[in-house]
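Protein chains: 4
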Amino acid sequence: MTMFKPFLSDNAAAVHPRVWEAMRNADEPDNPYDGDALSAQLDARFTALFGRECAGLWVATGTAANCLALATMCAPHGGVVCHTEAHIEVDEGGAPGFFLHGAKLIHADGEGAKLASQGIAAAIDPIRNDVHQVQPQAIAITQASEYGRAYGPEELAALAAFAKERRLGLHMDGARFANAAAYLGGSPEEAARGASGQVDSLAFGFIKNGGMGAEAVVLFDPERAMEVRYRRKRAGHLQCKGRYLAAQILAMLDEGLWLANAAHANAAAREVAVGCADRLLHPVEANELFVRLSEAERAALRAQDFAFYDWGSDSARFVTAWNTRAEDAQALGKAIAAL
Amino acid sequence: MTMFKPFLSDNAAAVHPRVWEAMRNADEPDNPYDGDALSAQLDARFTALFGRECAGLWVATGTAANCLALATMCAPHGGVVCHTEAHIEVDEGGAPGFFLHGAKLIHADGEGAKLASQGIAAAIDPIRNDVHQVQPQAIAITQASEYGRAYGPEELAALAAFAKERRLGLHMDGARFANAAAYLGGSPEEAARGASGQVDSLAFGFIKNGGMGAEAVVLFDPERAMEVRYRRKRAGHLQCKGRYLAAQILAMLDEGLWLANAAHANAAAREVAVGCADRLLHPVEANELFVRLSEAERAALRAQDFAFYDWGSDSARFVTAWNTRAEDAQALGKAIAAL
Amino acid sequence: MTMFKPFLSDNAAAVHPRVWEAMRNADEPDNPYDGDALSAQLDARFTALFGRECAGLWVATGTAANCLALATMCAPHGGVVCHTEAHIEVDEGGAPGFFLHGAKLIHADGEGAKLASQGIAAAIDPIRNDVHQVQPQAIAITQASEYGRAYGPEELAALAAFAKERRLGLHMDGARFANAAAYLGGSPEEAARGASGQVDSLAFGFIKNGGMGAEAVVLFDPERAMEVRYRRKRAGHLQCKGRYLAAQILAMLDEGLWLANAAHANAAAREVAVGCADRLLHPVEANELFVRLSEAERAALRAQDFAFYDWGSDSARFVTAWNTRAEDAQALGKAIAAL
Amino acid sequence: MTMFKPFLSDNAAAVHPRVWEAMRNADEPDNPYDGDALSAQLDARFTALFGRECAGLWVATGTAANCLALATMCAPHGGVVCHTEAHIEVDEGGAPGFFLHGAKLIHADGEGAKLASQGIAAAIDPIRNDVHQVQPQAIAITQASEYGRAYGPEELAALAAFAKERRLGLHMDGARFANAAAYLGGSPEEAARGASGQVDSLAFGFIKNGGMGAEAVVLFDPERAMEVRYRRKRAGHLQCKGRYLAAQILAMLDEGLWLANAAHANAAAREVAVGCADRLLHPVEANELFVRLSEAERAALRAQDFAFYDWGSDSARFVTAWNTRAEDAQALGKAIAAL
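Residue numbers (the numbering used here), protein chains in the order written: chain A, 1 to 339; chain B, 1 to 339; chain C, 1 to 339; chain D, 1 to 339.
Rendered as structure tokens:
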């Protein structure tokens, strides 16, 4: 193992061979934008997967997918409740402020970067119902969460009920949705439905899971789809050779590739976890590990050619991917255990 | 020739084999976003091509490329002068309004969808210099224009001088920049420099010319590049596997592929033009033909399996591409001549 | 008459004594913002005046009134059809772009700066129903128009029917609504209803008509009122001593002061018109006159201490106000006749 | 004392007689907008007061004043550091998001709702200098703070040095600037200079201090003034009878009325404070008192006709104004002491 960096992130992993193949097969000319035969299949494919009518639109990034969906739920003068450590709050360069025209992100807390009704209520109940304060209009959760935690069906049901009661939209950032679905288990349909519950929209991530540059905005209220189509164009996200994006997504959906890839990544993470014992800051449910490691320990691992990001001053984050080799995962687990 | 649609648009053409090859070669993991080795080459490559210092950033669409560049030149309370028929005015779904936060497009006129200082002055001189009227801050031109017309070096020099005199930024929408450059001629460097003149920024199009999903924002004031990088992220246009976009652009720049592809398309357009005689609404300088054709004539062509868009009620638009076959172009020219 | 400038504009005229009195009477402390007893009367007062349920909100400028109303009708990715010479297009510093988050103003033409269904259809029928073009969502008309022309009840009915058929909102910029209403005639209720027809919202102007700094946003769909209240606060237009604005509006509504003031101004304009004969560029229906006058003629008038704005190179605009003295109007008419 | 509500807020107090008088004197027609003789005096008057060149622009609300100033310092993709309890964060209905086009408010903490460099550094030092995180571009402080605390000259000097070192703009929300200045003491010039230090801009509040509807945006970099003038128009805040706003501000500046009014209010607050002893949550430096009072105690005070807002569940906020009667303040102090 020389200069191999397998645990930095899943977001830079290679593209899966079946995705490559599907892209090559899309080379034949077709109508531009989303007028091609492949893009036309997306609504039906996602509807079949989730078991309820929905629209599926490709877009090049999760940032855009999240923001386009949220913009249908929250007016410029409204607010979106998200976890204090949510990606849309911390790491998207202010994109929600751009796409939602200055709407506010309202911070709520919860263990493992997950939200529950109590945490949300604690954040929004003090908001006076007057024009001087920004009123919440939507909730955004991340599946799996920023700490690699999965929401189970009961948690999602409770959140959906809470959102409905409070008349708030419910959006799911699914950059690693597949990993959460694989954790929850079942067939592709069972896993997809269980992991999404009754959210109003989902940014279904494929890029970290073997895709190249295509995520899906899945809208369970198809009436919103048209608005998203206009907003996608307006945001410069309507690619003229959209068939190559549709091809990526369809390849991932074919025969449950999305779920198999995620299951592989999750398994590799569990291999690593074996060696982490009580160093783990969070239970490993998806493909991320947050491990307490001193600066010296991290240096020791890097000296063994393991690549990863520091996480604060006394920890590290390791991420596995669809193509992480089992031997590398085992080697990392052992190396940590041996520290 | 059955059901072949070669003249609808260049924006849905297949991807060039050398672009495919470069993308495949990018499969090896590297740093995410634009931290990879390929993205790191762009500034230097464009600087070498244009012969003056610039920054080159990939982005997935021309819409985004244009708007990100314009946003550095025009405040939300300012205006961008563009041709009444400019793509940013007519066909980008209001994207400039989004990216420029409500800045105004100020319409100017000019023959062949080209602007000259007189037309611009006619549009902006009546604007009172007071807060009640939106003040122009930039000019956007399209090379080649929406009617396939190229700006020559003298025209560009005059525009740059005018822009400087009026303290206006000057941006070039180069969705078909390569076709204009091929028309103007010379080596890749000569063609690129001649066709860009002294603009402040250029949206350098590759997608219509054999690429898949990568255009370049070229900023001749590198100080603006950092702002564009922040805005690109904020607009959801910072793809995590950016190396695949950089690979496309580098492949197009290698050995002047961008210019060769455009020259091929232009030549095909000239083949078609041979048969159009005085039916042409505009001189054919790039890869688009606007041809006066009655409804019956258009039907007759379509019966021969030629595909193209109507242009108004008595004309049609034909577009050639990097992969248009000479025999198809000749056949179309003859078919029109035979009408 | 020395250094008197009575015909420059109505927008800088003195405040009417009854408005002053009402403001002074509002001096007693009350709840801040719009929680005071005076603001609380507005909905009912406007509902009584217009004979259909509506909400009435004070705001400091017509610019804000128009934009706040339009923002409820048109999404950021939509468009508002207005006359090419409409104030919101020409003279509001790009405010619609700000309040509507980059929505587009779609230009339509019509005689006297008035719109009719044909002109609007001519502007919007060519818009393809696809995401590449901004779709119209609302129409904005001005009553009286920028050339002092009034829409009659039949014209308004036709516009409302057209808007409904096309599913477009219909907003009225009523900076000089009172002058149009006075022209159409009748009791305050009859005049208000006749001049507003079935618009969805009205920016009811008081400032040019004897007020100081209060216009009303009148929303005939009261459901929209709450949105406007939030947007008003967000735009910094919720004044804490709002009772002084409500007082102005209530004073104007009391005993039809708004209509009487406008009738006075209109009568003064007619006095001037007597002397203008065929110099008039537009029929005089409200309180503005557009008069063909050479540069020398304008100089001659100014030498007689008449103040007014040039209108292009060969005309002038004269505006009368609630406090224009009859002798001044007659003197101006005679002076023009004597040229 | 019957139904008198003197301690609810200063934001609904009556208008000072000298302000009324100045407004009445402005009734004579003059040029519209800010072209009148009174508005023309503002720059010079503020320059004289602050002892350094600045521009002074009237605007109707503090919300608008703060946001217009901040918009000159912070790009849409940037961030403004403010206290977690700052008015712009908590109580302006998301106005900064609107005026700054989605820029982010970055929360910092500090005692008494005041910021110091340590608190700001704690908030911004963890921000990675990359495009994924919103970069701070400005700091906003409130003088007096949301808890009625004044920044002294040394604190302001330290903040200005910190801002300069970090290349951040420094804005002061001065809704109660006069009260802070009165606390710091000296002549009007000394107090104004001491209380503003070297901020880049100041929203100088007059409305809570005897004005009706005019605050001033004071810009110590006059180059920014032109931008604010454009933005003010665009935000619908350029009133056509601006002379009435200028008149208010000039009346407040004349003979230091602004300082005298604030000194009166502060003195009244101190009278109340006498009775509060260790119930005070914050030192009383301006005209607000935050007093620990049980629900029963608050009820007892209200039974004596004192009006005030609850502050959380176990406290109350009392605000004095320019016209608070000494006997009322003493009565309140005694009533609290007697609880």
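The beta-carbon is built from N, C-alpha and C at its ideal position, and this holds for glycine as well.
Q | Listed by chain order, chain D residues near F98(C) by CB distance under 7 Å | A | The answer, in chain order, is R234 and A235.
Q. Can you name the residues that DSSP bridges to D310(A)?
A. DSSP lists A316(A) as partners of D310(A).
Q: Out of V199(B), R176(B) and Q135(B), point me to the one whose CA is closest to G169(B)'s CA.
A: It is V199(B) whose Cα lies nearest to the Cα of G169(B).
Q | Alpha carbon of Q239(D) to alpha carbon of E146(C), nearest angstrom | A | Each residue's Cα considered, the two are about 19 Å apart.
Q. For the segment 151-188 of chain A, which segments carrying the beta strand (DSSP E) assignment without a break, of at least 3 residues, lie completely within its bounds, in sequence order?
A. The qualifying runs are 169-174.
Q) L289(D) and A303(D) look like a contact to me (Cβ under 8 Å); what is the Cβ gap, rounded to whole Å? A) Beta-carbon to beta-carbon, L289(D) and A303(D) are separated by about 19 Å, too far to satisfy the 8 Å threshold.
**Q.** Backbone secondary structure at G79(A) - three-state DSSP
**A.** It is a strand residue.
Q: Determine contact between the segment 66-80 of chain A and the segment 39-52 of chain D, defined as no fewer than three beta-carbon pairs at a distance below 8 Å.
A: Contact fails: fewer than three Cβ-Cβ distances are below 8 Å.
Q) Along chain A, in chain order, which residues have C-beta atoms closer than 7 Å to that of P29(B)? A) Contact of P29(B) with chain A by beta-carbon distance below 7 Å involves K5, A12, A13 and A14.
Q.
Please identify the residue among T61(B), R270(B) and R229(B) whose C-alpha is closest to the C-alpha of K208(B).
A. Minimum Cα distance to K208(B) is reached at T61(B).
Q: Along the alpha helix (DSSP H) that carries R302(A), what are the first and last residues, could you check?
A: Per DSSP, R302(A) belongs to the alpha helix (DSSP H) from E295 to A303.
Q. For chain D, is any of its Cβ atoms less than 7 Å away from the one on G119(A)?
A. Cβ-Cβ to chain D under 7 Å: no for G119(A).
(Q) Could you check whether A262(C) and A178(C) sit closer than 7 Å to each other, using their CB atoms as the reference points? (A) In this structure, A262(C) lies closer than 7 Å to A178(C) by Cβ.
Q) Just curious, the beta strand (DSSP E) that A138(D) is in, first and last residue? A) Unbroken beta strand (DSSP E) run through A138(D): Q135 to T142.
Q) How far does the alpha helix (DSSP H) with R128(D) in it reach, from first residue to last? A) For R128(D), no alpha helix (DSSP H) encloses it, and the DSSP letter there is neither H nor E.
Q | Residues bridged to F204(D) [DSSP beta-bridge criterion] | A | F204(D) is bridged to G174(D) and A216(D).
Q. Using CA coordinates, which residue listed in A338(A), A321(A) and A203(A) is at the minimum distance from F46(A)?
A. Comparing Cα-Cα distances from F46(A) to each of A338(A), A321(A) and A203(A), the minimum goes to A203(A).
Q: Count the C-beta pairs between the segment 277-291 of chain B and the segment 71-88 of chain B that are closer than 8 Å, then say yes if the count reaches three, no if not.
A: Taking 8 Å as the limit for Cβ pairs, the verdict is that the segment 71-88 of chain B does not touch the segment 277-291 of chain B.
Q. Quick one: Cα of N11(B) to Cα of V291(A), how far?
A. N11(B) and V291(A): Cα-Cα distance of roughly 48 Å.
(Q) I'd like to know whether the C-beta atoms of H16(D) and G256(D) end up nearer to each other than 7 Å. (A) No, these two residues do not count as a Cβ contact at 7 Å.
Q. Listed in chain order, which residues of the segment 123-156 of chain D have Cβ atoms closer than 7 Å to some Cβ of chain A?
A. Taking 7 Å as the cut-off between beta carbons, the residues of the segment 123-156 of chain D near chain A are V131, H132, Q133 and V134, in sequence order.
Q. How many whole angstroms separate the CB atoms of C74(B) and A138(B), which I take to be in contact at a CB cut-off of 8 Å?
A. About 5 Å; that satisfies the 8 Å criterion.
Q | Minimum Cβ-Cβ distance from R243(C) to chain A less than 7 Å | A | Interface flag for R243(C) against chain A is unset, since no Cβ pair is found closer than 7 Å.
Q) How about G197(A) and A157(A): do their beta carbons lie closer than 7 Å? A) Going by C-beta atoms, G197(A) is nearer than 7 Å to A157(A).
Q) Taking DSSP as the reference, what is the three-state secondary structure of G56(D)? A) In this structure, G56(D) counts as strand in the three-state DSSP scheme.
Q. Can you tell me where the beta strand (DSSP E) with V199(B) in it begins and where it stops?
A. Unbroken run through V199(B): none, as it is neither H nor E.
Q | Status (buried if at least 16 other CB within 10 Å, exposed otherwise) for R128(C) | A | Of the other Cβ atoms in all chains shown, fewer than 16 fall within 10 Å of the Cβ of R128(C); this residue is therefore exposed.
Q | Nonlocal neighbours in the same chain, by C-beta distance under 6 Å from D328(D), ignoring five residues either side | A | Excluding five sequence positions before and after D328(D), the CB atoms of its chain that fall closer than 6 Å to its own CB belong to P6, given in chain order.
Q. Mind checking K241(D): buried by the 16 CB within 10 Å criterion, or exposed?
A. Of the residues assessed, K241(D) falls on the buried side of the cut-off, its CB having 16 or more other CB atoms within 10 angstroms.
(Q) Count Cβ pairs between the segment 244-259 of chain A and the segment 180-194 of chain A that sit closer than 8 Å; are there 3 or more? (A) Here the segment 244-259 of chain A makes contact with the segment 180-194 of chain A; the two share three or more CB pairs at distances below 8 Å.
**Q.** Assigned secondary structure, E28(A) (DSSP; H/G/I helix, E/B strand, else coil)
**A.** Collapsing the DSSP output to three states places E28(A) in coil.
Q: Residues of the segment 201-212 of chain D with a CB closer than 7 Å to any CB of chain C: list them in chain order, please.
A: Against chain C - using a Cβ distance shorter than 7 Å - the residues of the segment 201-212 of chain D are I207 and M212.
Q) Beta carbon of E227(B), beta carbon of T324(B): below 7 Å? A) Not in contact: E227(B) and T324(B) (Cβ atoms no closer than 7 Å).
Q. Since H83(C) contacts A108(C) with CB under 8 Å, what's their CB separation in whole angstroms?
A. With 8 Å as the limit, H83(C) and A108(C) qualify as a contact, their Cβ atoms being about 6 Å apart.
Q. Going along chain A in order, which residues have a C-beta closer than 9 Å to the C-beta of P32(B)?
A. Within 9 Å of the CB of P32(B), the CB atoms of chain A belong to L8, S9, N11 and A12, in sequence order along the chain.
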